[in-house]
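Chemist:
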Ligand code: AHG
Ligand code: MN
Ligand code: MN
Ligand code: MN
């Protein structure tokens, strides 16, 4: 049975968006093009001169990997050429990239926040990495883009998604009407609908956190981790720990089989590590669209007002009942 391609699916779903005249569809197509270009390099990383570090740091203070830079270039290229995007906020650029100054993009309706390559520390280890994107609608035209159009609440996202470059390459996205997953068929170079209407299980048995930071976690997080490690009445351990170190890979597993992912605040890093605009907000949008929950200490991730492009936010995200358990334990400490 021939699978529906991303392009066919988008056109079919076009009916859901009477006001949009295909621009969002074209924008998703452009993102798909960048994903295919990145996938090609990720798949042959060991053979191409694409491994290792560039020898400079990015605004995050991280050693930039060659694939960070390559992925960033591919998204900028595809989004500039497509014309639907007027502004890009990228992990790899201190300031945003204002495309609205170019005639081809000055009418672009959408602002795109991207993590071009997520899980960079895993690239040279052949462990799954990803790309994350978040799409907002521009608020005004004919004038330069203002920061209030870029620093929008997570609940104002028009669409969000990720690509996971793993045992297979998948594009998973939502435009606010559920989550659909597409698997890249390299033989035809098309993303094909393989996971229609994805739903995250309400409960799960996997907790995912970097336990190397355990001693620095707030007490409610320590208590939750201890809760997961307890044996039940017949000395069975109901939970198991999995941590890949690529947010996209940890959250794709969480979406597919259920579970909880935590990147909490610590005394040294009260905002945690993960960036709000292009990691926490898009992943929260997807998990919530699939029936899960995403909190940042005591607020929903989607209700945080961003103040800066690279702002970080603590995050606990995943199966609804598991996140609610964290909230229950947090309340005991208030
Ligand atoms: P990026 O590679 O885009 O900088 O993101 C890395 C992030 C995220 O992918 C992952 O969940 C987290 O870093 C892992 O951090 P630790 O190594 O501190 O656990
Ligand atoms: Mn990342
Ligand atoms: Mn990154
Ligand atoms: Mn990085």
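In the UniProt record's numbering, the protein residues as written are 1 to 334. All C-beta atoms in this analysis are idealised placements derived from N, C-alpha and C, irrespective of residue type, glycine included.
Return yes when the Cβ of residue 132 is within less than 9 Å of the Cβ of residue 282, no when it is not.
Modeler: Cβ distance < 9 Å, so residue 282 and residue 132 count as in contact.
Chemist: Taking the alpha-carbon positions, what's the residue 134 to residue 40 distance?
Modeler: About 22 Å.
Chemist: What residue from 219, 289, 276 has the CA that sits closest to residue 329's CA?
Modeler: Checking every option, the nearest Cα to that of residue 329 belongs to 219.
Chemist: Which runs of the beta strand (DSSP E) fall wholly inside the region 42-101 and span at least 3 residues, in chain order?
Modeler: Runs found: 53-57, 63-65, 85-90.
Chemist: Kindly identify the DSSP beta-bridge partner or partners of residue 335.
Modeler: Lying outside 1 to 334, the shown extent of the chain, residue 335 is not represented and no answer is given.
Chemist: Have a look at 117, 9, 84 and flag the residue whose alpha-carbon is nearest the alpha-carbon of residue 62.
Modeler: That would be 117, whose Cα lies nearest to the Cα of residue 62.
Chemist: Under 8 Å: do the region 258-276 and the region 157-176 share three or more Cβ pairs, one atom per stretch?
Modeler: Too few Cβ pairs lie closer than 8 Å, so no.
Chemist: Residues with a Cβ closer than 6 Å to any heavy atom of ligand 4, in chain order?
Modeler: Working through the chain, the matches are 60, 62, 91, 120.
Chemist: Alpha carbon to alpha carbon, how far is residue 91 from residue 212?
Modeler: Going by the C-alpha atoms only, they are around 25 Å apart.
Chemist: Between residue 151 and residue 204, what straight-line distance do the alpha-carbon atoms span, to the nearest angstrom?
Modeler: So the alpha carbons of these two residues sit roughly 33 Å apart.
Chemist: Quick check on the burial criterion: 16 or more other C-beta atoms within 10 angstroms. Buried or exposed for residue 58?
Modeler: Buried.
Chemist: I think residue 287 touches residue 200, with their Cβ atoms under 8 Å apart; what is that distance to the nearest whole Å?
Modeler: Contact flag correct, Cβ pair sits at about 6 Å.
Chemist: Classify residue 246 as helix, strand or coil using the three-state DSSP reduction.
Modeler: If DSSP states are grouped into helix, strand and coil, residue 246 belongs with coil.
Chemist: Within the chosen definition, does the region 77-87 reach the region 20-31 through at least 3 CB pairs nearer than 8 Å?
Modeler: At 8 Å Cβ cutoff, the stretches touch.
Chemist: Whole angstroms are fine: how far does the CA of residue 248 sit from the CA of residue 129?
Modeler: If you take the alpha carbons of residue 129 and residue 248, they lie about 7 Å apart.
Chemist: Given a cut-off of 9 Å, decide if residue 254 and residue 296 are closer than it, judged by their beta-carbon atoms.
Modeler: It is not a contact, given that the beta carbons lie outside the stated cut-off.
Chemist: Should residue 105 be labelled buried (16 or more other beta-carbon atoms within 10 Å of its own) or exposed?
Modeler: The residue is buried, with at least 16 neighbouring Cβ atoms inside 10 Å.
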